[in-house]
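Asker: Shown below is the structure under consideration.
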Amino acid sequence: MDNILYLTQVKYESLNPHIPVTLKVLTESATFDVDVDGVIWTKTKLDYESQNSYTLNVSLSDGSTTDYATVFIKVTDVNDNHPVFGVVNTTINILENMPAGTSVTTVLATDADSGFNGLVTYALRGTEEKMDIDSSGLILLKKELDREIQDFYNLTVIAIIIDDVNDNPPVFSSSRYEVSVPEDKAIGSELLTVSATDLDAGANALVTYRIVNQQPPTSSPMFLVNSATGQLSLSQQLDYETTKQFDVEVEASDGGQPSLSTKTLVAVHILDVNDNPPKFDKAAYDVFVPENIQKGSPIYSFSVTDEDEVGICCITGIGCFSLVVNDTISLRFIKSCFFLSLLYEEIAYTTNGRSPQRLPTIPVSICLNPLFP
Numbered sequence: 001m002d003n004i005l006y007l008t009q010v011k012y013e014s015l016n017p018h019i020p021v022t023l024k025v026l027t028e029s030a031t032f033d034v035d036v037d038g039v040i041w042t043k044t045k046l047d048y049e050s051q052n053s054y055t056l057n058v059s060l061s062d063g064s065t066t067d068y069a070t071v072f073i074k075v076t077d078v079n080d081n082h083p084v085f086g087v088v089n090t091t092i093n094i095l096e097n098m099p100a101g102t103s104v105t106t107v108l109a110t111d112a113d114s115g116f117n118g119l120v121t122y123a124l125r126g127t128e129e130k131m132d133i134d135s136s137g138l139i140l141l142k143k144e145l146d147r148e149i150q151d152f153y154n155l156t157v158i159a160i161i162i163d164d165v166n167d168n169p170p171v172f173s174s175s176r177y178e179v180s181v182p183e184d185k186a187i188g189s190e191l192l193t194v195s196a197t198d199l200d201a202g203a204n205a206l207v208t209y210r211i212v213n214q215q216p217p218t219s220s221p222m223f224l225v226n227s228a229t230g231q232l233s234l235s236q237q238l239d240y241e242t243t244k245q246f247d248v249e250v251e252a253s254d255g256g257q258p259s260l261s262t263k264t265l266v267a268v269h270i271l272d273v274n275d276n277p278p279k280f281d282k283a284a285y286d287v288f289v290p291e292n293i294q295k296g297s298p299i300y301s302f303s304v305t306d307e308d309e310v311g312i313c314c315i316t317g318i319g320c321f322s323l324v325v326n327d328t329i330s331l332r333f334i335k336s337c338f339f340l341s342l343l344y345e346e347i348a349y350t351t352n353g354r355s356p357q358r359l360p361t362i363p364v365s366i367c368l369n370p371l372f373p
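Its first residue numbered 1, the sequence shown is counted upward by one per residue in UniProt numbering.
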């Protein structure tokens, strides 16, 4: 490529906007450079056949502190090389009584380009009636020869390169991807990688990725996709209690003109994490009980809410009461222990062994009401 190419831009944030920064390309500096805005550009002509990828180390300095970044550059092949025959001129002897279909010779041409750009086919000129050539360069007799009629044939073999047309869209390895992610997954974490391939060649087969839709929508994107690798990562904190699933539509586009594209769906299932403590509806309870209460009778019903999955309740104290957990949490009398006029118990709420445990307790005072004054 003869002209300067502006390849990409390295984005950065300055700790102090009043202090100028300096960017430098530390490796491959003879081929690439970077300007003050972080734009990387070529200094020399690139050649895919000589080197098809580069790894650049870029430094950013304000004079007192320095940071580093790595930039990977992939060179795309273009059809800029002609086929070359191994032997330009040769003479072949063949008996005149050879039958049709006899092999005469094989010619070979190579092309320094890669993939579809380096695919060579052949054609004959001047002897189409007597001979033919196949896609491998093998020349065959089409008809029998007669030396007395013609004793010499001058064959011109043409090597032909078929230029690619962008007639194949990218194809994802799956029409739907699914991944389960705990709601406390760290921002920036990789979730999965989507992958698409294109049967075309060169720039027509260069696939890039982008997110085109997210349901339900959010004010800021919840996910990011690497345009080159298809790696999907988390960009915002998840919350199971707010949204239990996201459907992310990813599009793969090729580099053809016009570009062809296809889409796939990524279903992100959010897993609940025990990140919300249970809450009683009161800070403390005063319960009054008649002295002739029957065993098993309900005394009081409590209300506990938990934004996470429902846990269980237990009671601590001297053991005169039990808890029954149905739709409500009910305190019941189980044995006589009213030798005291006032008892104190504690209700504890656990989370079924889920980690981390959330264990609020609430005091309950139980006062015995005599039947007669």
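Each residue gets a CB set at the ideal place from its N, CA and C atoms; glycine is no exception.
Since this is a predicted model, take the numbers as computed values, not measurements.
Indicate whether residue 47 and residue 41 have their beta-carbon atoms separated by less than 8 Å.
Answerer: Counting from 1 along the sequence shown, the entry for residue 47 is found at position 47. Counting from 1 along the sequence shown, the entry for residue 41 is found at position 41. Not in contact: residue 47 and residue 41 (Cβ atoms no closer than 8 Å).
Asker: Looking only at its chain, what residues have a beta carbon closer than 6 Å to the beta carbon of residue 230, apart from the 5 residues adjacent to it on each side?
Answerer: The residue you call residue 230 lines up with position 230 of the sequence shown. For residue 230, where only same-chain residues beyond five positions count, the Cβ hits under 6 Å are 193, 194, 195, 209.
Asker: How should residue 134 be labelled, buried or exposed, when 16 other C-beta atoms within 10 angstroms of its C-beta is the threshold for buried?
Answerer: Taking the sequence shown and counting its residues from 1, one reaches residue 134 at position 134. Exposed: under 16 other Cβ atoms inside 10 Å.
Asker: When the Cβ atoms of the segment 68 to 81 are set against those of the segment 112 to 119, are three or more pairs found closer than 8 Å?
Answerer: Touching, yes, given that three or more Cβ pairs across the two stretches are closer than 8 Å.
Asker: Using a 10 Å radius around the Cβ and a threshold of 16 neighbouring Cβ atoms, would you call residue 256 buried or exposed?
Answerer: As a first step, residue 256 must be located in the sequence shown, where it is residue number 256. It is buried - the Cβ of residue 256 has at least 16 other Cβ atoms within 10 Å.
Asker: Among the residues of its own chain, which have a CB less than 7 Å from the CB of residue 67, if the five just before and after it don't count?
Answerer: Here residue 67 refers to the residue found at position 67 of the sequence shown. Same-chain partners within the cutoff: 60.
Asker: Could you tell me whether the Cβ atoms of residue 267 and residue 172 are closer together than 8 Å?
Answerer: Locating residue 267 in the sequence shown gives position 267, where the first residue counts as 1. Locating residue 172 in the sequence shown gives position 172, where the first residue counts as 1. Not closer than 8 Å, so no.
Asker: Have a look at 233, 69, 163, 85 and flag the residue whose alpha-carbon is nearest the alpha-carbon of residue 156.
Answerer: Residue numbering aside, residue 156 sits at position 156 when the sequence shown is read from its first letter. It is 85 whose Cα lies nearest to the Cα of residue 156.
Asker: Among all the DSSP beta bridges, which residues are the ones paired with residue 156?
Answerer: Position 156 of the sequence shown, counted from the first residue, corresponds to residue 156. Bridge partners of residue 156: 125.
Asker: Using a threshold of 8 Å, state whether the C-beta atoms of residue 205 and residue 254 are closer than that.
Answerer: As a working mapping, residue 205 is identified with position 205 in the sequence shown. As a working mapping, residue 254 is identified with position 254 in the sequence shown. Yes, the pair counts as a contact, with Cβ atoms nearer than the cut-off.
Asker: Quick check on DSSP: helix, strand or coil for residue 204?
Answerer: If you number the sequence shown from 1, residue 204 lands on position 204. Reduced to three states, the DSSP call for residue 204 is helix.
Asker: Using a Cβ-Cβ cutoff of less than 6 Å, which residues in the same chain neighbour residue 121 once the five nearest sequence positions on both sides are dropped?
Answerer: By one-based count along the sequence shown, residue 121 stands at place 121. Taken in chain order, the residues that qualify are 135, 160.
Asker: Taking 8 Å as the threshold (C-beta atoms), are residue 99 and residue 148 in contact?
Answerer: For the purposes of this step, residue 148 is taken as residue 148 along the sequence shown, with counting starting at 1. For the purposes of this step, residue 99 is taken as residue 99 along the sequence shown, with counting starting at 1. Their beta carbons are not under 8 Å apart, which means residue 148 does not touch residue 99 by this criterion.
Asker: Taking the DSSP output, what are the residues bridged to residue 131?
Answerer: Walking along the sequence shown from the start, residue 131 turns up at place 131. For residue 131, which the question treats as bridged, DSSP gives the partners 141.
Asker: Restricting to Cα atoms, I'd like to know which of 246, 198, 219 is closest to residue 182.
Answerer: The residue labelled residue 182 in the question sits at position 182 within the sequence shown. Comparing Cα positions, the closest option is 246.
Asker: Kindly indicate the opening and closing residues of the beta strand (DSSP E) around residue 150.
Answerer: In the sequence shown, residue 150 corresponds to position 150, counting from 1. No beta strand (DSSP E) contains residue 150, which DSSP labels as neither H nor E.
Asker: Thinking just about the alpha-carbon of each residue, which of 178, 293, 259, 219 is nearest to the one in residue 249?
Answerer: The residue given as residue 249 occupies position 249 in the sequence shown. Residue 178 is the option with its Cα nearest to residue 249.
Asker: Residues in its own chain within less than 6 Å of residue 203 by CB, not counting five upstream and five downstream?
Answerer: Residue mapping note: residue 203 aligns to position 203 of the sequence shown, counting from 1. Same-chain partners within the cutoff: 76, 255.
Asker: Helix, strand or coil for residue 11 per DSSP?
Answerer: Residue numbering aside, residue 11 sits at position 11 when the sequence shown is read from its first letter. Coil, per DSSP.
Asker: Quick check on residue 97: does DSSP put it in helix, strand or coil?
Answerer: In the sequence shown, counting from the first residue as 1, residue 97 sits at position 97. Correct three-state label for residue 97: coil.
Asker: By how many angstroms is the C-alpha of residue 207 removed from the C-alpha of residue 167?
Answerer: Position 167 of the sequence shown, counted from the start, is the residue given in the question as residue 167. Position 207 of the sequence shown, counted from the start, is the residue given in the question as residue 207. Distance between the alpha carbons of residue 167 and residue 207 is about 14 Å.
Asker: Are residue 72 and residue 44 closer than 8 Å when you measure CB to CB?
Answerer: Position 72 of the sequence shown, counted from the start, is the residue given in the question as residue 72. Position 44 of the sequence shown, counted from the start, is the residue given in the question as residue 44. Result no, Cβ atoms of residue 72 and residue 44 do not sit closer than 8 Å.
Asker: Mapping the DSSP letters down to three states, classify residue 57 as helix, strand or coil.
Answerer: Along the sequence shown, one-based indexing puts residue 57 at 57. DSSP places residue 57 in strand when its eight states are reduced to three.
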